[in-house]
Amino acid sequence: MRLWGSLVPFDRVHLSRMNFELEKLTYTIGRYRGHDFKLPWSAICKTHCIIEWDGLDTAESIVKITDLSLHGTYVNGKVIEKKKCAVLLDGDEVSFLSCCTEDQFQYRYTYRRLTYGLTSGGYVDMLDLRYNIGKELGRGAYATVFKAKHRKECRVYAIKVIRRNNHHEFLTSDGGSIYEREIAILETLLHPYICAMKEVVYESDKISLIMEYVAGGDLRKYMLRLGRMDEGKVQRITFQLCERGIQNILITADELPNVKLTDFGLSKAIDGNSLLQTMCGTLLYVAPEVVNQEKHEGYDLVVDSWSIGAIVFEMLTNCTAFKGQDGLDFGAWIRSRKVQWDNMRYSGVAGLAYLCWSSACGRSSQADDSHRCTQAPLAC
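This is the structure:
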(Lines of atoms letter the chains of each structure in order from A and count residues from 1; the text may use other names and numbers.)
(Lines give C-alpha, C1' and ligand atoms only; values in the text may rest on other atoms or scores of the structure.)
Protein backbone atom coordinates (compact mmCIF):
# COMPACT_ATOMS: atom_id res chain seq x y z
CA MET A 1 0.00 0.00 0.00
CA ARG A 2 1.41 3.38 -1.07
CA LEU A 3 -0.05 6.44 0.63
CA TRP A 4 0.10 10.20 0.15
CA GLY A 5 -1.37 10.91 3.56
CA SER A 6 -3.45 9.68 6.48
CA LEU A 7 -5.67 10.86 9.32
CA VAL A 8 -4.64 9.23 12.59
CA PRO A 9 -7.39 9.20 15.26
CA PHE A 10 -6.73 10.41 18.79
CA ASP A 11 -8.91 7.49 19.92
CA ARG A 12 -6.96 4.64 18.32
CA VAL A 13 -8.76 1.96 20.34
CA HIS A 14 -12.18 2.52 18.78
CA LEU A 15 -11.35 4.25 15.49
CA SER A 16 -9.23 3.27 12.51
CA ARG A 17 -6.70 5.33 10.62
CA MET A 18 -7.93 6.86 7.35
CA ASN A 19 -5.36 6.03 4.67
CA PHE A 20 -5.19 8.03 1.45
CA GLU A 21 -3.68 5.94 -1.34
CA LEU A 22 -1.54 7.30 -4.17
CA GLU A 23 -3.91 5.93 -6.81
CA LYS A 24 -6.80 8.11 -5.57
CA LEU A 25 -6.61 11.91 -5.20
CA THR A 26 -9.99 12.74 -3.62
CA TYR A 27 -11.67 11.20 -0.57
CA THR A 28 -15.12 11.90 0.89
CA ILE A 29 -15.89 11.63 4.60
CA GLY A 30 -19.30 11.57 6.28
CA ARG A 31 -22.11 9.52 7.77
CA TYR A 32 -23.27 8.11 4.42
CA ARG A 33 -22.09 4.54 3.91
CA GLY A 34 -21.20 5.21 0.29
CA HIS A 35 -18.37 7.58 1.24
CA ASP A 36 -14.73 6.55 1.32
CA PHE A 37 -14.73 6.88 5.11
CA LYS A 38 -17.92 6.55 7.14
CA LEU A 39 -18.00 8.20 10.59
CA PRO A 40 -20.34 6.65 13.16
CA TRP A 41 -21.62 9.70 15.04
CA SER A 42 -25.12 11.08 14.57
CA ALA A 43 -23.86 14.66 14.71
CA ILE A 44 -21.80 14.08 11.55
CA CYS A 45 -23.44 15.16 8.29
CA LYS A 46 -24.13 12.68 5.49
CA THR A 47 -21.36 14.38 3.51
CA HIS A 48 -19.15 16.15 6.00
CA CYS A 49 -16.02 17.08 4.07
CA ILE A 50 -13.71 16.27 1.16
CA ILE A 51 -9.94 15.85 1.32
CA GLU A 52 -7.96 16.30 -1.91
CA TRP A 53 -4.34 15.99 -2.99
CA ASP A 54 -3.15 17.77 -6.12
CA GLY A 55 -1.18 14.69 -7.17
CA LEU A 56 2.13 16.52 -7.48
CA ASP A 57 5.13 14.64 -6.16
CA THR A 58 6.98 17.80 -5.21
CA ALA A 59 7.83 19.66 -2.04
CA GLU A 60 5.22 22.26 -3.02
CA SER A 61 2.34 19.79 -3.40
CA ILE A 62 -0.91 20.80 -1.67
CA VAL A 63 -3.53 18.86 0.29
CA LYS A 64 -6.75 20.68 1.07
CA ILE A 65 -9.87 19.90 3.09
CA THR A 66 -13.26 21.33 2.07
CA ASP A 67 -16.12 21.60 4.56
CA LEU A 68 -19.63 20.58 3.41
CA SER A 69 -21.22 20.16 6.84
CA LEU A 70 -23.81 21.93 8.96
CA HIS A 71 -21.80 21.82 12.18
CA GLY A 72 -18.34 22.64 10.87
CA THR A 73 -14.96 21.05 10.24
CA TYR A 74 -12.03 22.35 12.27
CA VAL A 75 -8.29 22.54 11.56
CA ASN A 76 -6.15 23.30 14.60
CA GLY A 77 -9.24 24.50 16.45
CA LYS A 78 -10.34 26.98 13.75
CA VAL A 79 -13.56 26.37 11.87
CA ILE A 80 -13.54 26.16 8.07
CA GLU A 81 -16.37 28.17 6.55
CA LYS A 82 -18.96 26.05 4.76
CA LYS A 83 -17.95 25.17 1.19
CA LYS A 84 -14.57 26.78 1.86
CA CYS A 85 -11.28 24.93 2.06
CA ALA A 86 -8.12 24.95 4.15
CA VAL A 87 -4.65 23.64 3.37
CA LEU A 88 -3.56 20.67 5.47
CA LEU A 89 0.04 20.52 6.69
CA ASP A 90 1.78 17.61 8.35
CA GLY A 91 0.81 17.47 12.03
CA ASP A 92 -2.37 19.52 11.72
CA GLU A 93 -5.25 18.54 13.99
CA VAL A 94 -8.54 17.89 12.19
CA SER A 95 -11.80 17.76 14.15
CA PHE A 96 -15.17 16.87 12.66
CA LEU A 97 -17.07 18.74 15.35
CA SER A 98 -16.30 21.67 17.63
CA CYS A 99 -13.39 20.99 20.01
CA CYS A 100 -15.64 22.29 22.79
CA THR A 101 -18.09 19.38 22.51
CA GLU A 102 -18.43 16.89 25.36
CA ASP A 103 -16.94 14.02 23.33
CA GLN A 104 -14.17 16.12 21.84
CA PHE A 105 -11.57 13.35 22.00
CA GLN A 106 -13.30 10.96 19.62
CA TYR A 107 -13.82 13.51 16.84
CA ARG A 108 -10.17 14.51 16.53
CA TYR A 109 -7.50 13.26 14.13
CA THR A 110 -3.93 14.19 13.26
CA TYR A 111 -3.08 14.64 9.59
CA ARG A 112 0.15 13.02 8.41
CA ARG A 113 1.66 13.92 5.07
CA LEU A 114 3.30 10.87 3.57
CA THR A 115 4.37 12.13 0.16
CA TYR A 116 8.07 12.67 -0.27
CA GLY A 117 8.38 15.64 -2.60
CA LEU A 118 11.29 16.16 -4.97
CA THR A 119 13.83 18.91 -4.42
CA SER A 120 17.04 19.72 -6.23
CA GLY A 121 18.81 17.29 -3.92
CA GLY A 122 16.44 14.38 -4.63
CA TYR A 123 13.74 12.87 -2.46
CA VAL A 124 12.98 14.50 0.86
CA ASP A 125 13.28 12.00 3.71
CA MET A 126 10.00 12.57 5.58
CA LEU A 127 11.36 10.75 8.61
CA ASP A 128 14.38 13.02 8.79
CA LEU A 129 12.16 16.11 8.57
CA ARG A 130 10.47 15.17 11.85
CA TYR A 131 13.18 13.30 13.75
CA ASN A 132 16.86 13.61 14.51
CA ILE A 133 17.99 10.01 13.95
CA GLY A 134 20.56 8.78 16.46
CA LYS A 135 22.41 5.55 17.15
CA GLU A 136 21.32 2.11 16.03
CA LEU A 137 19.66 0.10 18.83
CA GLY A 138 19.27 -3.21 17.03
CA ARG A 139 19.16 -4.88 13.65
CA GLY A 140 17.37 -7.85 12.12
CA ALA A 141 17.23 -9.40 8.67
CA TYR A 142 14.61 -6.96 7.40
CA ALA A 143 14.41 -4.10 9.89
CA THR A 144 16.66 -1.79 11.91
CA VAL A 145 15.77 0.06 15.12
CA PHE A 146 17.19 3.52 15.82
CA LYS A 147 17.05 5.90 18.77
CA ALA A 148 15.67 9.26 17.64
CA LYS A 149 14.52 12.61 19.01
CA HIS A 150 11.45 14.42 17.72
CA ARG A 151 12.62 17.79 16.40
CA LYS A 152 9.64 19.76 17.78
CA GLU A 153 8.70 17.77 20.88
CA CYS A 154 12.31 17.05 21.94
CA ARG A 155 11.12 13.62 23.11
CA VAL A 156 13.09 10.43 22.51
CA TYR A 157 11.55 7.56 20.53
CA ALA A 158 12.61 4.23 19.07
CA ILE A 159 12.09 3.99 15.30
CA LYS A 160 11.73 0.60 13.62
CA VAL A 161 12.64 1.01 9.94
CA ILE A 162 11.39 -1.81 7.69
CA ARG A 163 13.00 -1.97 4.26
CA ARG A 164 10.42 -2.32 1.49
CA ASN A 165 12.63 -4.25 -0.93
CA ASN A 166 11.98 -7.35 1.17
CA HIS A 167 8.39 -6.44 1.94
CA HIS A 168 6.90 -8.95 -0.50
CA GLU A 169 8.38 -11.87 1.43
CA PHE A 170 6.17 -11.25 4.48
CA LEU A 171 2.58 -11.99 3.57
CA THR A 172 -0.26 -13.57 5.51
CA SER A 173 -2.15 -16.59 4.20
CA ASP A 174 -4.76 -14.28 2.64
CA GLY A 175 -2.10 -12.22 0.83
CA GLY A 176 -2.05 -9.32 3.28
CA SER A 177 1.10 -7.76 4.66
CA ILE A 178 2.34 -8.95 8.05
CA TYR A 179 3.61 -5.45 8.73
CA GLU A 180 0.26 -3.89 7.93
CA ARG A 181 -1.21 -6.35 10.42
CA GLU A 182 1.38 -5.34 12.99
CA ILE A 183 0.53 -1.67 12.47
CA ALA A 184 -3.21 -2.34 12.72
CA ILE A 185 -2.74 -4.26 15.98
CA LEU A 186 -0.46 -1.65 17.52
CA GLU A 187 -2.91 1.14 16.70
CA THR A 188 -5.57 -0.57 18.85
CA LEU A 189 -3.31 -1.31 21.84
CA LEU A 190 -3.01 1.15 24.70
CA HIS A 191 -1.59 -0.69 27.71
CA PRO A 192 1.11 0.09 30.29
CA TYR A 193 2.98 -3.12 29.44
CA ILE A 194 2.99 -2.64 25.65
CA CYS A 195 5.25 -0.22 23.75
CA ALA A 196 2.98 2.51 22.46
CA MET A 197 3.17 3.43 18.77
CA LYS A 198 3.16 7.16 18.06
CA GLU A 199 2.83 7.11 14.27
CA VAL A 200 3.79 5.40 11.02
CA VAL A 201 5.75 7.05 8.21
CA TYR A 202 5.39 5.45 4.77
CA GLU A 203 8.05 6.15 2.15
CA SER A 204 8.93 4.65 -1.22
CA ASP A 205 11.67 2.39 0.13
CA LYS A 206 10.73 1.88 3.78
CA ILE A 207 8.05 1.88 6.46
CA SER A 208 8.99 3.48 9.78
CA LEU A 209 7.18 2.68 13.02
CA ILE A 210 7.76 5.35 15.67
CA MET A 211 7.56 3.64 19.04
CA GLU A 212 7.87 4.51 22.70
CA TYR A 213 11.53 4.37 23.75
CA VAL A 214 12.24 1.94 26.60
CA ALA A 215 15.54 2.84 28.24
CA GLY A 216 16.28 -0.45 29.99
CA GLY A 217 16.88 -2.52 26.84
CA ASP A 218 15.64 -6.05 26.21
CA LEU A 219 15.06 -8.69 28.87
CA ARG A 220 17.92 -10.91 27.73
CA LYS A 221 20.49 -8.13 28.17
CA TYR A 222 18.93 -7.29 31.53
CA MET A 223 19.28 -10.93 32.63
CA LEU A 224 22.88 -11.09 31.47
CA ARG A 225 23.69 -7.85 33.27
CA LEU A 226 21.95 -8.78 36.52
CA GLY A 227 22.72 -12.50 36.69
CA ARG A 228 20.53 -14.69 38.84
CA MET A 229 17.52 -12.75 40.16
CA ASP A 230 15.79 -12.96 43.50
CA GLU A 231 12.36 -14.57 43.49
CA GLY A 232 10.50 -11.32 44.19
CA LYS A 233 11.88 -9.66 41.07
CA VAL A 234 11.24 -12.81 39.00
CA GLN A 235 7.65 -12.87 40.24
CA ARG A 236 7.14 -9.21 39.26
CA ILE A 237 8.45 -9.77 35.73
CA THR A 238 6.61 -13.09 35.27
CA PHE A 239 3.33 -11.43 36.21
CA GLN A 240 3.72 -9.08 33.25
CA LEU A 241 4.87 -11.58 30.62
CA CYS A 242 2.65 -12.94 27.84
CA GLU A 243 4.90 -13.25 24.74
CA ARG A 244 6.84 -16.16 23.29
CA GLY A 245 10.12 -14.55 22.23
CA ILE A 246 12.43 -13.06 24.85
CA GLN A 247 13.80 -10.70 22.19
CA ASN A 248 10.34 -9.06 22.06
CA ILE A 249 10.42 -8.11 25.75
CA LEU A 250 11.88 -4.77 26.84
CA ILE A 251 12.54 -3.60 30.39
CA THR A 252 12.19 -0.09 31.77
CA ALA A 253 15.17 1.53 33.51
CA ASP A 254 13.32 1.89 36.84
CA GLU A 255 14.74 0.40 40.04
CA LEU A 256 11.72 -1.93 40.01
CA PRO A 257 11.54 -2.52 36.24
CA ASN A 258 8.38 -3.02 34.23
CA VAL A 259 8.01 -5.24 31.17
CA LYS A 260 7.16 -3.67 27.81
CA LEU A 261 6.14 -5.91 24.91
CA THR A 262 7.16 -4.92 21.42
CA ASP A 263 7.52 -6.27 17.86
CA PHE A 264 4.24 -7.82 16.80
CA GLY A 265 5.55 -8.72 13.35
CA LEU A 266 4.72 -12.38 13.90
CA SER A 267 1.75 -11.86 16.18
CA LYS A 268 -1.89 -12.61 15.55
CA ALA A 269 -5.08 -11.02 16.78
CA ILE A 270 -6.61 -14.20 18.19
CA ASP A 271 -9.40 -15.26 20.45
CA GLY A 272 -9.21 -17.93 23.12
CA ASN A 273 -10.18 -20.79 20.78
CA SER A 274 -7.82 -19.97 17.91
CA LEU A 275 -4.99 -22.22 16.82
CA LEU A 276 -1.61 -20.75 16.02
CA GLN A 277 0.19 -22.38 13.14
CA THR A 278 3.31 -20.25 12.83
CA MET A 279 6.79 -21.69 13.29
CA CYS A 280 7.98 -18.74 15.35
CA GLY A 281 9.86 -18.06 18.55
CA THR A 282 13.40 -18.41 19.83
CA LEU A 283 14.87 -21.93 19.99
CA LEU A 284 15.39 -21.86 23.73
CA TYR A 285 11.77 -20.94 24.41
CA VAL A 286 9.83 -22.91 21.76
CA ALA A 287 7.34 -25.46 23.11
CA PRO A 288 7.72 -29.04 21.76
CA GLU A 289 4.31 -29.12 20.05
CA VAL A 290 5.46 -26.36 17.70
CA VAL A 291 7.70 -28.87 15.91
CA ASN A 292 5.96 -32.14 16.84
CA GLN A 293 3.23 -31.73 14.22
CA GLU A 294 2.61 -34.38 11.60
CA LYS A 295 -0.27 -32.80 9.70
CA HIS A 296 0.18 -29.07 10.44
CA GLU A 297 -2.64 -29.31 12.96
CA GLY A 298 -1.46 -26.22 14.82
CA TYR A 299 -1.23 -25.62 18.54
CA ASP A 300 -3.03 -23.61 21.18
CA LEU A 301 -2.20 -20.80 23.56
CA VAL A 302 -0.41 -22.90 26.19
CA VAL A 303 2.74 -22.62 24.03
CA ASP A 304 3.12 -19.24 25.75
CA SER A 305 3.12 -20.94 29.16
CA TRP A 306 6.04 -23.10 28.07
CA SER A 307 8.00 -20.05 26.91
CA ILE A 308 7.30 -18.16 30.12
CA GLY A 309 8.38 -21.20 32.12
CA ALA A 310 11.69 -21.36 30.25
CA ILE A 311 12.27 -17.65 30.88
CA VAL A 312 11.44 -18.07 34.59
CA PHE A 313 13.95 -20.94 34.80
CA GLU A 314 16.66 -18.73 33.31
CA MET A 315 15.90 -15.78 35.58
CA LEU A 316 16.00 -17.97 38.70
CA THR A 317 19.16 -19.92 37.88
CA ASN A 318 21.11 -17.69 35.45
CA CYS A 319 21.25 -20.79 33.21
CA THR A 320 19.19 -21.87 30.22
CA ALA A 321 16.53 -24.47 30.89
CA PHE A 322 17.57 -26.89 28.14
CA LYS A 323 20.63 -28.43 26.61
CA GLY A 324 20.51 -30.01 23.14
CA GLN A 325 22.90 -31.65 20.74
CA ASP A 326 25.03 -29.37 18.60
CA GLY A 327 24.84 -29.39 14.80
CA LEU A 328 21.15 -30.29 14.52
CA ASP A 329 18.44 -28.48 12.60
CA PHE A 330 15.58 -26.60 14.26
CA GLY A 331 13.20 -29.51 14.82
CA ALA A 332 15.84 -32.08 15.70
CA TRP A 333 17.41 -29.76 18.28
CA ILE A 334 14.03 -29.18 19.96
CA ARG A 335 13.42 -32.95 20.11
CA SER A 336 16.91 -33.70 21.44
CA ARG A 337 17.00 -31.14 24.25
CA LYS A 338 16.98 -32.16 27.90
CA VAL A 339 15.92 -30.17 30.94
CA GLN A 340 18.88 -29.13 33.09
CA TRP A 341 17.17 -30.07 36.35
CA ASP A 342 20.36 -29.92 38.38
CA ASN A 343 20.63 -26.18 37.76
CA MET A 344 17.19 -25.70 39.32
CA ARG A 345 17.87 -28.06 42.24
CA TYR A 346 21.21 -26.51 43.16
CA SER A 347 20.09 -22.90 42.74
CA GLY A 348 18.41 -22.82 46.14
CA VAL A 349 15.09 -21.47 44.85
CA ALA A 350 11.97 -22.08 46.87
CA GLY A 351 9.77 -25.07 46.20
CA LEU A 352 7.02 -22.75 44.95
CA ALA A 353 9.28 -21.44 42.18
CA TYR A 354 10.14 -25.02 41.18
CA LEU A 355 6.44 -25.85 41.13
CA CYS A 356 5.70 -22.78 38.98
CA TRP A 357 8.20 -23.86 36.35
CA SER A 358 6.99 -27.47 36.41
CA SER A 359 3.39 -26.31 35.98
CA ALA A 360 4.34 -24.16 33.00
CA CYS A 361 6.52 -26.69 31.17
CA GLY A 362 5.70 -30.07 32.68
CA ARG A 363 8.34 -32.39 34.04
CA SER A 364 10.06 -33.40 30.82
CA SER A 365 11.43 -31.63 27.75
CA GLN A 366 8.65 -33.14 25.57
CA ALA A 367 5.80 -32.71 28.06
CA ASP A 368 2.19 -33.21 26.97
CA ASP A 369 0.67 -29.75 26.53
CA SER A 370 -2.70 -30.99 27.82
CA HIS A 371 -1.17 -31.16 31.32
CA ARG A 372 0.31 -27.68 31.12
CA CYS A 373 -1.33 -24.76 32.92
CA THR A 374 -2.30 -21.53 31.20
CA GLN A 375 -0.77 -18.16 31.99
CA ALA A 376 -3.41 -17.08 34.51
CA PRO A 377 -2.26 -19.43 37.32
CA LEU A 378 1.37 -18.49 36.62
CA ALA A 379 0.59 -14.85 37.31
CA CYS A 380 -0.81 -15.53 40.77
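Mapping of the sequence shown onto my numbering: residues 8 to 387, in sequence order. Idealized CB from N, CA, C, for every residue including glycine.
Give a yes or no on whether the C-beta atoms belonging to Cys92 and Thr73 are separated by under 8 Å.
Their beta carbons are under 8 Å apart, which means Cys92 touches Thr73 by this criterion.
Just reading off the beta strand (DSSP E) that Glu143 is part of, what are its end residues?
Tyr138 to Arg146
For Phe44, list the residues DSSP reports as bridge partners.
Ile36
Does the structure place the segment 317-326 close enough to the segment 241-249 that three or more beta carbon pairs sit under 8 Å?
yes
Going by the C-beta, is Leu77 closer than 7 Å to any heavy atom of the ligand NAP?
For the ligand NAP, the structure offers nothing, since it holds no ligand at all.
What residue from Tyr138, Val346 and Val152 has the CA that sits closest to Pro295's CA?
Val346
Please report the straight-line C-alpha distance between Arg188 and Thr195, rounded to a whole angstrom.
11 Å
Does the contact criterion of 3 or more C-beta pairs under 8 Å hold for the segment 86-102 versus the segment 32-49?
no
May I have the straight-line CA-CA distance separating Ala260 from Met25, to the nearest angstrom?
35 Å
What is the DSSP secondary structure of Met236, reduced to helix, strand or coil?
Reduced to three states, the DSSP call for Met236 is coil.
How far does the alpha helix (DSSP H) with Ile341 in it extend, from its first residue to its last?
Phe337 to Ser343
Measuring straight from C-alpha to C-alpha, what distance separates Ser49 and Arg38?
CA-CA distance, Ser49 to Arg38, rounds to 8 Å.
In the DSSP output, what is Tyr353 paired with across the bridge?
Paired residue(s): none; Tyr353 is not in a bridge.
Is Met103 helix, strand or coil when you go by DSSP?
Note on identity: in this sequence residue 103 is Phe, with Met being the wrong assignment. Coil at Phe103, not helix or strand.
Kindly list the residues whose CB is nearer than 8 Å to the CB of Glu28, restricted to its own chain and excluding five residues on each side of it in sequence; keep chain order.
When the five nearest sequence neighbours on each side are left out, the beta carbons in the same chain lying within less than 8 Å of the beta carbon of Glu28 are those of Met8, Arg9, Leu10 and Trp11, in order along the chain.
For Pro16, list the residues DSSP reports as bridge partners.
For Pro16, which the question treats as bridged, DSSP gives the partners Tyr116.
Per-residue DSSP class, three states only, for Ser215
strand
Output needed for Trp60: all residues of its chain with C-beta closer than 6 Å, excluding positions within five of it in sequence on either side, in chain order.
Annotation for Trp60: Trp11, Leu32 and Val70 place their beta carbon closer than 6 Å to its own, counting only its chain and skipping 5 residues before and after.
With DSSP as the reference, label Ala191 as helix, strand or coil.
DSSP, read as helix, strand or coil, puts Ala191 in helix.
Following the continuous alpha helix (DSSP H) through Thr324, name the residue where it begins and the one where it ends.
Val310 to Thr324
Can you tell me which of Lys228, Gln247, Gly234 and Gly223 puts its alpha carbon nearest to the alpha carbon of Glu262?
Ranked by Cα distance from Glu262, the first of Lys228, Gln247, Gly234 and Gly223 is Gly223.
With Lys142 and Tyr220 assumed to form a contact (beta carbons below 8 Å), what rounded beta-carbon distance in angstroms separates them?
At roughly 12 Å, the Cβ-Cβ gap does not stay under 8 Å, so Lys142 and Tyr220 are not in contact.
Determine the extent of the beta strand (DSSP E) in which Ile57 is found, giving its start and end residues.
Note, Ile57: beta strand (DSSP E), Cys56 to Trp60.
Find out if the Cβ-Cβ distance for the pair Glu206, Arg120 is shorter than 8 Å.
no
Under the three-state DSSP convention, the category Arg170 falls into:
In the displayed model, Arg170 falls within a strand according to three-state DSSP.
Neighbourhood of Val293 by C-beta, 7 Å cutoff - its chain only, sequence neighbours within 5 removed:
The beta carbon of Val293 sits closer than 7 Å to the beta carbons of Ile341 from its chain, once the five residues preceding and following it are set aside; these are given in chain order.
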